[in-house]
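Residue 2 in numbering that gives the first Met the number 0 is what sits at position 3 of the sequence shown, and the numbering runs on without skipping anything.
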Amino acid sequence: MQIRYFQFATLRNLFAPRKPRNPLLRIVLGLLGLAILAVLVVAGLFVGAAMILVGLSWKLLAARKARAAGKAAGNVMDGEYRVVRKPALPHAH
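If you want it as structure tokens, here you go:
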């Protein structure tokens, strides 16, 4: 029986990030990374602001519809209530 070993070092080196040796290329790639990060931050800011605006307008429109429906509805009941003391309650035995 022959035992084969898997070399994990080759797999690890396959996905390892490597910096380029050329200093100019390093600077260009660094600036490209910063530009991508800035675009993602700005896009996230606009998406978050849009979500907040949509939520607020949704709430305002829902409140306006509820007020209009409340004025039109004539099925309001009036009632009188009295507080029942604890000894006056029947036992559940």
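For glycine and all other residues, C-beta sits at the position ideal for the given N, C-alpha and C.
Segment limits, alpha helix (DSSP H) that includes residue i
{"i": "Ala-15", "result": "Premise fails: Ala-15 is in no alpha helix (DSSP H) and is neither H nor E."}
As assigned by DSSP and simplified to three states, the class of residue i
{"i": "Met-50", "result": "helix"}
{"i": "Ile-35", "result": "helix"}
{"i": "Phe-111", "result": "The structure shown has nothing for residue 111, since the chain only spans 0 to 92."}
{"i": "Val-41", "result": "helix"}
{"i": "Pro-89", "result": "coil"}
{"i": "Arg-66", "result": "helix"}
{"i": "Arg-84", "result": "coil"}
Beta-carbon separation (whole angstroms), residue i vs residue j, contact threshold 8 Å
{"i": "Pro-19", "j": "Arg-25", "result": "6 Å"}
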